[in-house]
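Shown next, in structure tokens, is the structure this report addresses.
Put into structure tokens, the structure is as follows:
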């Protein structure tokens, strides 16, 4: 955990992926993130994958380094404690509905500088999830094997993760304005806007309107340049991309295909130098050359030639292989062994995704036990007396453990 | 453009997707982003898709609302102007190498509070791109049709976009510390760390180490809950997901499959209520029921039933359909017509991806012409005299247009 955000406190009431990652990113940078949970855990508390004891390995990684206050949010009095806490802290991250008891307008009535960051489905409040937003915006139609016309979902919850990171950014941006002017506000993050807006930022709306049609499907190929997967003689499927002239020239050298390319250029009356568009337009012939060059050599040999010539490449790994990869995990300072996880299972966990060069990265903190910080937060942040807290625990509005 | 970040100035020296989106997100929230370009445009200036006139529709959307200063970065004197500008402004976003002329150490020698945000490939400085990082961490192995074992790349540059959003967040976090303490620093964002760290945050490392193996491939299915694509009687492929109990019950009602489910429960001796793990484990039978229910009804009928019952669903659209969709684009206030684009083509473009409830969203600003702001920035930010700027233009170190 780095300390860039020390001094910042945030209340998080959230579930699943997008909204919890906002709090996660803040906490990993040193903010105090007070997660308020339903007693016994919210709707994502048992989200798969789970251990034999039904501990969610997703939940316990998405909620690292946070504090947990457990309230009975089904009762009016429990919700009132949450509202008090939000108004006291002044920053809320949530994916609860804009019109519900955590409406910004209601909360801000007694807390004019409040900043609310709200993850939503559609902008009008209707529900959407990563998978349905993705189907709507059109990426699955372009994804998947060439010979298959069916849409392919990406397995990575990309829109959730992007919404989380953009949400953390937007929260700090709103905070910067509040620091300067005192003005708070509600920052809304509809998944469908994040998805369609990102497509627009990548030029996809302009492209579709300009050409009047969608792109052709490219399988594992990269649009507009030379990049695709190929299989080596010893069967290692490998992704290569040449995104600039230097990388292209390195690829030509590493694969020793200068003569083959020259003969395509002569046949077709084109010139590949300095123009990845021309190369892409002639990819049928270029890819056939590269396929042959791959099929003639083993992966170790090719990888060494790629490294020596500045070619961007990677073999495809399973996640089992990735987790054992020294560069990715086992010798990567991003990761440290995480013990004290709610599941009781110990494994390497990530700290903040960015590296502060020359500064010490602390070990990743575990997720809290549900309710572990109820007493401390109600006492220290809200100023409740010990007897008041004891009364709330006795009446079942507050829990200090996850035991029933 | 919202004004959350007004008063913040950033120098950006970057190309392709991840690094430019950092500047884009900042600019859309009101920061002044001074993009320094090689005279004539950098290596991504002609990145496909391009118009007939070779204007990149990707570049002009990834660089909206920024200023452009054009320098001859191949000359020492041109690079010296850039270094002066960075030291004066105090915040740099780049994807140039950590060890090159934009090394943080070198720059910070005369600018101790400098914040550098650097997009990288691997943490050790070796090159990687979205596509190769993705192959390395294992997502493609899980992506794609069930009956196919080949890895499938996602078409969305998800790691680039995530790195951009996380980079914008990390930049503001670093700025917050500098505001408090005066301390700057270098924030490094290796794509491979963003990718592997995100897998860890989603519980994937814990899962793989706990089970000792990778997940089975699920095609378009969602892990751990009921969610997949199905085809309606009239042929509309539709994604549905039930991520909580309310959504599951809505799905059961909308599809009228209560009896079918009860008979599976009796046969198998299981209970589906309250446990999406049990439902997922019996997905073979549940999906067969849902397939039959979809095949019996048309999309309009099903969609209405889904909406009435709170089911999360979306038909798959092509991007051509998405761009014409009123909810996504044509009637969505996230978008406004963008004219004055470098390409000369006018089309709807996105503003900031977040919505500030109740505040006016300004129309998206176009990307600059290369060099359009050279004179103003060198004069106003660096205090160069008009005659000094004229001399730099005459000697070819500075350009004020993209004309040769």
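Protein chains in written order, with this note's numbering: chain A, 1 to 404; chain B, 405 to 808.
Yeah, the Cβ is synthetic: ideal placement off N, Cα and C, and Gly gets one too.
- Using a C-beta cut-off of 8 angstroms, the segment 610–618 of chain B makes no contact with the segment 678–688 of chain B, since fewer than three inter-stretch Cβ pairs fall below that distance.
- By alpha-carbon distance to residue 232 of chain A, the top candidate from A:119, A:243, A:306, A:320 is A:306.
- In this model, residue 43 of chain A and residue 17 of chain A are separated by some 12 angstroms (Cα to Cα).
- Look at the beta carbons and you see the segment 140–154 of chain A not touching the segment 77–93 of chain A: under three pairs across the two are nearer than 8 angstroms.
- Contact between the segment 225–240 of chain A and the segment 287–302 of chain A is present: three or more C-beta pairs spanning the two stretches fall below 8 angstroms.
- Looking at the DSSP output, residue 209 of chain A shares a beta bridge with no other residue.
- A straight-line Cα-Cα distance of about 19 angstroms links residue 654 of chain B and residue 47 of chain A.
- When the Cα atoms are used, residue 773 of chain B and residue 495 of chain B turn out to be separated by approximately 23 angstroms.
- In this structure, DSSP gives residue 10 of chain A an extended state, which the three-state scheme calls strand.
- Between the alpha carbons of residue 260 of chain A and residue 276 of chain A lies a gap of roughly 17 angstroms.
- Below the 8 angstroms Cβ cutoff, chain B contributes 559, 723 as neighbours of residue 142 of chain A, in chain order.
- About 6 angstroms separates the beta carbon of residue 200 of chain A from that of residue 753 of chain B, a gap short enough to meet the 8 angstroms contact definition.
- Just so you know, the alpha carbons of residue 731 of chain B and residue 795 of chain B end up roughly 52 angstroms apart.
- Residue 195 of chain A is positioned such that its CB atom lies no closer than 8 angstroms to that of residue 720 of chain B.
- Going by beta carbons, residue 406 of chain B and residue 765 of chain B fall inside the 8 angstroms limit.
- Residue burial annotation: residue 428 of chain B is buried, with at least 16 other C-beta atoms found within 10 angstroms of its C-beta.
- Residue 34 of chain A and residue 68 of chain A have their C-alpha atoms roughly 6 angstroms apart.
- Each of A:102, A:95, A:111, A:157 was checked against the Cα of residue 121 of chain A, and the nearest Cα belongs to A:95.
- In this structure, the alpha-carbon of residue 755 of chain B lies about 39 angstroms from that of residue 76 of chain A.
- Counting C-beta pairs with one atom in each stretch, the segment 501–511 of chain B and the segment 564–584 of chain B have fewer than three that are closer than 8 angstroms, which means they do not touch.
- In the DSSP annotation of this structure, the continuous segment of the alpha helix (DSSP H) that includes residue 508 of chain B starts and ends at 508–513.
- Non-local beta-carbon contacts of residue 178 of chain A in its own chain, meaning distances under 7 angstroms to residues more than five positions away in sequence, involve 113, 115, 184 in chain order.
- Inter-residue distance for residue 61 of chain A and residue 367 of chain A is about 7 angstroms (C-alpha atoms, whole angstroms).
- DSSP, reduced to helix, strand and coil, places residue 594 of chain B within a strand of the structure shown.
- DSSP places residue 752 of chain B in the strand class (E or B) of the three-state scheme.
- Look at residue 799 of chain B here: in three-state DSSP terms it is coil, with no helix or strand label.
- Along the segment 599–618 of chain B, the positions whose C-beta sits under 9 angstroms from a C-beta of chain A are 599, 600, 601, 602, 603, 604, 605, 606, 607, 608, 609, 610, 611, 612, 613, 614, 615, 616, 617, 618, read in chain order.
- Between the C-alpha atoms of residue 633 of chain B and residue 642 of chain B there is a straight-line separation of about 5 angstroms.
- C-alpha of residue 559 of chain B to C-alpha of residue 454 of chain B: approximately 18 angstroms in a straight line.
- When only Cα atoms are considered, residue 782 of chain B and residue 505 of chain B end up about 20 angstroms apart.
- Interface flag for residue 104 of chain A against chain B is set, since a Cβ pair is found closer than 8 angstroms.
- Scanning B:780, B:445, B:470, B:659 for the CA closest to the CA of residue 458 of chain B turns up B:445.
- Residue state for residue 479 of chain B is assigned as coil, using DSSP reduced to three classes.
- Closer than 8 angstroms to the CB of residue 714 of chain B there is at least one CB belonging to chain A.
- With respect to the C-alpha of residue 248 of chain A, the residue from A:262, A:72, A:272, A:268 having the closest C-alpha is A:272.
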